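These notes are about the structure you will find just below.
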Ligand code: SF4
Ligand code: SF4
C-alpha cells in the first residue's frame, strides 16, 4: 500500500490536486460538523478529519468516516474557508480504495434504530462500486 505511506505534505498536496481546495485554510470553526447529518456516526467528524489531514495523522485502513459520509456536500456549501470537507472525505475514500482498503462490512457499521436510512443506502452504493 505504497500510496498510503504519504507524508503530511504529500497528503495535503494530493488533496489540493483532487479537490482544488486547501486544507490548511481550515480554522476549526466546526460548522461542517454541525451541519453533517451523519457526524455522530463517524469516528472522526468532518472538522476533526480536516484537522487530522492538516497534521498528516490519517490512518486510512482504520478510518470509518470515509464509509459513513453520505456525500450530501452540505459541509461544502457551509464552509467559510472553502475547504470542502466532503471532497476531502471523498479523496480519502478514493485513496483507500485504490490502495486495497476494504470497505467496512455492514457488521462494522453503527446500525441501530437511530441510523439514518441514507447512511445505509449510500454505504451500499459506495461499497459495491
Ligand atoms: S467548516 Fe470549514 S473552516 Fe470550519 S471546521 Fe469545517 S472545514 Fe474547517
Ligand atoms: S458530505 Fe459527508 S462529511 Fe460533508 S456533510 Fe455530507 S455526509 Fe457530512
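Numbering (our numbering), first residue to last: 20 to 148.
All C-beta atoms in this analysis are idealised placements derived from N, C-alpha and C, irrespective of residue type, glycine included.
Keep in mind that this is a model prediction, so the values were computed, not measured.
According to DSSP, simplified to helix, strand and coil, what is residue i?
i, result
"residue 21", "Unreliable positioning characterises residue 21 in this predicted model, as indicated by a pLDDT of 47, which lies under 50. A coordinate reading is not provided."
"residue 104", "helix"
"residue 96", "helix"
"residue 121", "coil"
"residue 77", "coil"
"residue 140", "helix"
"residue 72", "helix"
From which residue to which residue does the alpha helix (DSSP H) around residue i run?
i, result
"residue 130", "Run containing residue 130: none; DSSP gives neither H nor E here."
"residue 84", "84-87"
"residue 38", "27-38"
"residue 54", "50-54"
Using the Cβ count rule (16 or more neighbours within 10 Å means buried), how would you classify residue i?
i, result
"residue 110", "buried"
"residue 34", "buried"
"residue 130", "exposed"
"residue 99", "exposed"
What whole-angstrom Cβ distance do residue i and residue j have, given they're in contact under 8 Å?
i, j, result
"residue 42", "residue 77", "Not a contact, Cβ separation roughly 11 Å."
"residue 90", "residue 105", "6 Å"
"residue 58", "residue 52", "5 Å"
"residue 24", "residue 102", "Contact doesn't hold; Cβ gap of about 24 Å is too wide."
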